[in-house]
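For the sequence shown, UniProt numbering assigns the number 1 to the initial residue and increments by one for each residue that follows.
Quick reminder that beta carbons are idealized off the backbone N, C-alpha and C, glycines included.
Note that the structure is a prediction, hence the values are computed from the model and not measured.
All remarks here apply to the structure that follows.
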Amino acid sequence: MSFLTRILFWRQPRARPFQRDYGWNTCPPSALNKSTAAILQTFAAMPVDRAIGWLQTNQNGLTELEAEIRRIMKGENVISAKQAPSWIHSLMEAILNPFNFLLICLAIFQSAVPDGEWTGAAFLVAMVLISVMIRFWQDYRGRVAVFRLCASVANKVNVRRPISPDTGIGHIIKEVLDNELVPGDIILLPPGSVVPADSLILESSFLRVSQSSWTGENDPAAKAANPDGGEDENLLDLMNLVLAGTSVVSGNGLALVLRTGPDVLIAKMANKVDAMRKKNTFQQGISNMSWVLIFLVFIMVPTVLGISGHTTGDWRHATLFSLSFAIGLVPEMLPAILNGNLARGAYKLSKFKVIAKRLDAVQRLGAMSILCCDKTGTLTKDDITMCEYLDCSGATSPSVLELAILDAQAQGPNGNSIDAAILQRKFRPEEKPTTDEPRETTLTIPFTFERRRSGCVVKRSTGHASLIVKGAFDEVLGICSEARRGSKVVPLDADQKAKLAQKVDELSKDGYRVLLIAEKRVEKFHLDDQLGLVAVESNMTLAGMMTFIDPPKEDAAESIKHLKKCGVEVKVLTGDSMFVALNVCQKLGVLAAKDGAEDQTQVITGAELQRIYEHGEAIHEIVKSCTIFAKMTPDQKAMVISTLRSTGTCVGMLGDGINDCVALREADVGISVDSGASAAKECADVVLTEKGLGAVAAAVTAGRVTYGNTIKYVKMAVSCNIGNVVSILVASAWLPFLPMTSTQILMQDLLWVGSQIGIPWDTVDAEYLQVPRDWNTLDLFRFVLIVGTSTAVVNVSTFILGWFYYGVKTVADIQDVKMFQTHYFIQGLFTQILLIHLIRTAKIPFFQSRAKLPLTLLTISMCAIGFAIPWNHDVQVAMGFARPADTFTAFLCAQLAFYCLELQIVKWVYVRLFKTWL
């Protein structure tokens with residue numbers, strides 16, 4: 001039977017028939033013709049059995065065939081913001097450009113005036129088509145590249161599938177991609193997972209969900225399987241409802257998928273969420289520059305029109321000239337060049353196993369001057385080994401290992417790397433467990449980063465139950481009143497606590513991570529989610545401690561050296577103790593050994609930082625001076641990132657755990673790992689396919705190359721425009737004729753734009769890569785005014801040659817005027833193209849630094865075409881050119897040589913004064 005036949009004719013028997021008035025692809029009657037929010041509220045108010053029945057599924061989940069049928073009917077679980085880019089959308093964006101409309105209006109105006117210039121109008125239309133094609137090609141190719149890279153970072157979800165499709169009894173757990181989910185799927189929500197669809201909670205255990213992507217609040221919300229809801233209640237306040245895009249912070253959940261794909265609530269908000277994202281300094285700088293240029297256009301067009309019309313008396317040509325000048329004034333290829341640079345940068349990053357989820361993250365990597373990172377897996381191998389298990393006297397204690405194994409087993413698949421290390425540890429041959437009696441886990445208390453401990457309740461065959469708690473030193477010690485020393489249990493007084501603290505400090509200074517474990521016999525207890533935990537977790541008996549080691553990575557020290565050489569300061573934000581973090585950082589060179597011993601201000605704990613913040617002290621100075629931040633909570637990590645950013649510093653955050661999500665969102669560029677928690681990958685701007693600082697160091701270099709190529713274009717484009725503004729103002733006030741016709745201006749602009757297409761393939765000087773690079777508005781305006789004025793000097797020299805040497809002073813001799821315009825066309829084109837090579841390096845171009853071959857070939861080709869145009873008779877007539885004078889070539893060479901010398905002198909002085917060029 002073919003697959004299509006199975007879909008059309010196959011019926012699958014179920015253990016329980018569905019009600020006829022139910023339909024998985026229809027809305028409940030009370031929510032018909034209502035919004036997505038109303039539908040979700042209706043499901044939230046339903047009893048669980050009714051909601052499951054309405055979606056025609058059961059607790060064991062959908063069969064593979066049912067899921068496939070629903071997927072065909074409903075489509076993939078992908079919202080529009082994450083769908084493959086549409087070429088139509090890119091084409092429409094390329095067409096719907098205000099400058100394209102201005103060119104079309106100019107073409108209509110040229111053909112509509114008396115004795116209309118049909119050739120010029122056709123040329124303008126052709127220019128629009130070429131501009132649209134270039135921008136479309138760059139934009140669409142960049143979007144496709146980013147989409148493919150992001151698609152390689154897939155989130156997976158565990159779903160229930162029936163063991164027997166015929167009976168629907170029993171289930172297995174299967175891992176599927178999140179885009180394969182359909183309404184009716186039963187999914188598991190472990191810690192660190194991103195909720196893949198709007199879902200109804202069926203079961204939960206200490207489930208806490210972060211809704212910061214919706215509310216901006218970092219405090220997680222409790223979720224449970226209780227029918228809830230009301231028409232006027234906020235969806236985020238409903239305890240039994242989780243929305244797509246939120247993430248599980250702690251605990252576990254079992255949920256019923258209600259709505260997927262474009263039907264989820266966040267799909268309706270996707271565009272608004274993107275619009276709410278704040279612009280970084282680079283994006284804001286580009287936006288501000290564009291508005292300045294637009295303002296300049298509105299000032300210059302009437303100015304040039306008035307002066308030129310008054311001087312020449314030809315208002316028709318003056319109007320065309322001023323409008324054409326406006327087109328040449330604005331860098332209309334800025335979006336294409338910018339996207340091309342960023343797309344090229346994203347491609348380079350992929351070669352280093354770095355995936356940019358957002359194009360602008362490429363540039364932010366180059367601007368990053370501080371990198372905050374966690375310790376485990378970044379500086380260390382994330383290969384944790386359990387070393388010792390000791391009682392409170394310091395003697396090896398098999399009972400400590402036994403308790404640890406019980407808790408690690410209770411945590412199950414949601415356990416962390418510590419639990420995995422415990423389960424791998426074996427008893428020594430001479431050691432035996434204290435008892436072989438079977439124990440049943442009746443309750444699991446998951447680890448949270450606020451409590452910094454986990455626990456479980458195990459029941460013995462005798463009926464007695466014991467509470468076991470394992471966690472960080474301070475957090476476990478604080479709930480204990482007794483300690484086991486050998487076979488004795490003694491009160492945990494101040495003296496005992498001091499001895500334990502001294503022992504733990506000694507172990508931590510040697511690089512060991514120390515956890516405590518405690519137990520308590522419990523008779524009757526009440527735990528309703530986290531209510532009752534405080535009462536139960538008290539007066540416990542401290543059983544002992546465990547030591548763990550996670551060795552540093554071999555290549556981490558070299559990567560840190562490379563980052564420091566590039567001007568990137570590394571700060572470590574870890575949940576481990578201060579001494580453990582200090583030990584690792586000293587070995588790797590993050591912090592020199594003498595610094596840790598002599599200057600404790602470089603190391604601070606989260607509790608100390610919180611006290612400083614609450615007392616309103618100078619937290620900025622503390623955060624700036626400290627290198628290691630130990631025992632940090634997720635909110636404290638975010639506070640450090642926010643404080644650093646408030647000083648105008650571009651901050652990156654590298655993390656892969658649930659506890660890093662808040663900090664990743666707060667950073668200028670969030671960096672996660674493909675093997676990390678789904679929630680961390682969702683919060684990140686960049687994803688590493690392999691965790692380590694080596695890839696980050698390579699990405700920083702690639703980001704700076706991308707920024708360098710972008711700022712080259714911006715500075716050369718605006719500098720040329722400033723030079724043209726000065727030149728045209730001089731020409732309009734001086735010459736009784738137009739220095740160039742509107743068509744000639746547009747042709748020159750087109751050739752100049754063509755020469756810049758190779759910029760994304762160019763390189764930058766090695767010295768440029770040594771310091772972070774970010775947008776500097778003051779430097780940009782200072783640069784373009786100086787370089788633009790220098791460019792205008794050469795342009796005006798052409799006017800002087802034409803007026804005094806060639807004697808073109810009136811409009812009487814049309815052929816001489818055309819020759820004058822031809823000279824200015826060629827000289828202006830050559831000067832602007834030469835400026836590409838002069839600006840791209842702080843060194844001497846062509847000798848000390850050369851452009852890459854694509855850029856070199858394009859600039860030579862555009863110069864050759866521009867020089868050849870006036871010599872072709874047909875083009876000469878169509879464009880209003882004339883044959884250049886015999887002596888023009890010699891003068892042109894002299895002008896270009898003077899321009900190179902002038903710019904090199906300007907460059908030398910500029911670098912001496914302002915310590916930068918690009």
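Does the separation of the CB atoms of residue i and residue j fall below 9 Å?
i, j, result
"Glu440", "Thr633", "no"
"Cys837", "Thr859", "Per the sequence shown, residue 837 should be read as His rather than Cys. Taking 9 Å as the Cβ cut-off, His837 and Thr859 qualify as a contacting pair."
"Gly184", "Gln363", "no"
"Lys520", "Thr541", "yes"
"Ala630", "Asp550", "no"
"Val159", "Arg71", "no"
"Ser322", "Leu342", "no"
"Lys74", "Gly245", "no"
"Tyr768", "Ala885", "no"
"Trp761", "Ala842", "no"
Excluding five sequence neighbours on each side, which residues of the same chain lie with their C-beta closer than 7 Å to the C-beta of residue i?
i, result
"Ile560", "Val570, Leu588, Gly589, Val590 and Leu693"
"Thr380", "Asp550, Pro551, Pro552, Lys553 and Val584"
"Val400", "Tyr389, Leu390, Asp391, Ile517, Ala543, Gly544 and Met546"
"Gln832", "Cys720 and Trp752"
"Ile79", "Gly261, Pro262, Val264, Ile266, Ala267 and Ala270"
Here's a check: name, in chain order, each residue in its chain whose Cβ is nearer than 6 Å to the Cβ of residue i, leaving out the five neighbours to either side.
i, result
"Ala882", "Gln815, Lys818, Met819 and Thr822"
"Ile307", "Ser732 and Ala733"
"Val673", "Asp656, Leu688 and Lys691"
"Gly754", "Met862"
"Cys456", "Asp407, Ala410, Thr441, Thr444 and Ile468"
"Gln555", "Note on residue identity: the sequence assigns Asp, not Gln, to residue 555. The answer, listed in chain order, is Gly694."
"Glu76", "Asn179"
"Ala697", "Ser559, His562 and Leu563"
"Val504", "Phe473 and Val514"
By the 10 Å Cβ neighbour count, where 16 or more other Cβ atoms means buried, how is residue i classified, buried or exposed?
i, result
"Glu175", "exposed"
"Cys893", "exposed"
"Pro302", "exposed"
"Leu774", "Note that residue 774 is Asp in the sequence shown, not Leu. By the neighbour-count rule (16 or more Cβ atoms within 10 Å), Asp774 is buried."
"Gln770", "exposed"
"Met879", "buried"
"Thr442", "exposed"
"Val572", "buried"
"Thr910", "The question names Thr, but residue 910 is Tyr in the sequence shown. Classification of Tyr910: buried, given that the 10 Å Cβ count is 16 or more."
"Leu254", "buried"
"Asn226", "exposed"
"Asp599", "Since pLDDT at Asp599 reaches only 47, below the 50 mark, its modelled position is unreliable, and the value read off the structure follows with that caveat. Classification for Asp599: exposed."
"Gln756", "buried"
"Gln748", "buried"
"Gly313", "exposed"
"Thr574", "buried"
"Ala318", "buried"
"Arg135", "buried"
I'd like the list of long-range same chain contacts for residue i, defined as Cβ closer than 8 Å, with 5 residues on each side in sequence excluded.
i, result
"Val623", "Leu609, Val640, Thr643 and Leu644"
"Lys594", "The pLDDT assigned to Lys594 is 49, lower than 50, so where the model puts this residue is not dependable, and the model offers no usable value."
"Pro28", "Ile39, Thr42, Phe43, Met46 and Trp54"
"Asn288", "Thr777"
"Leu334", "Ile286, Ser290, Tyr713, Val714 and Ala717"
"residue 923", "Summary: the structure shown does not reach residue 923, with the chain confined to residues 1 through 918, and so no result is reported for it."
I'd like to know if residue i contacts chain B, where contact means its C-beta is closer than 9 Å to some C-beta of that chain.
i, result
"Thr741", "Of the protein chains in this structure there is only one, and it is not chain B."
Decide if the stretch 505 to 514 is in contact with the stretch 460 to 468; the criterion is three or more beta carbon pairs, one per stretch, under 8 Å apart.
no
Quick test of the definition: if touching needs 3 or more C-beta pairs under 8 Å, does the stretch 675 to 684 touch the stretch 188 to 202?
yes
Is there contact between the stretch 357 to 368 and the stretch 666 to 679, where contact requires at least three CB pairs shorter than 8 Å?
yes
How do the stretch 794 to 806 and the stretch 691 to 706 stand: do at least 3 beta-carbon pairs fall below 8 Å, yes or no?
no
In the stretch 679 to 735, which residue ranges form an unbroken beta strand (DSSP E) of at least 3 residues, counting only runs that do not cross its ends?
686 to 688
Would you check if there are 3 or more beta carbon pairs closer than 8 Å linking the stretch 826 to 843 to the stretch 891 to 907?
yes
Touching by the beta-carbon criterion (3+ pairs, under 8 Å), the stretch 711 to 727 and the stretch 772 to 789:
yes
Runs of alpha helix (DSSP H) lying entirely within the stretch 798 to 865, each at least 4 residues, in chain order:
814 to 839
Does the stretch 478 to 488 touch the stretch 410 to 423, meaning 3 or more C-beta pairs lie closer than 8 Å?
no
Could you tell me which whole beta strand (DSSP E) segments of length 3 or greater appear in the stretch 428 to 510?
439 to 448, 453 to 460, 465 to 471, 480 to 485 and 488 to 491
Could I get the ranges of all uninterrupted alpha helix (DSSP H) runs contained in the stretch 361 to 430, with 4 residues as the minimum, in chain order?
398 to 411 and 417 to 424
Of all the alpha helix (DSSP H) runs that stay within the bounds of the stretch 176 to 244, which reach a length of 4 or more residues?
212 to 215
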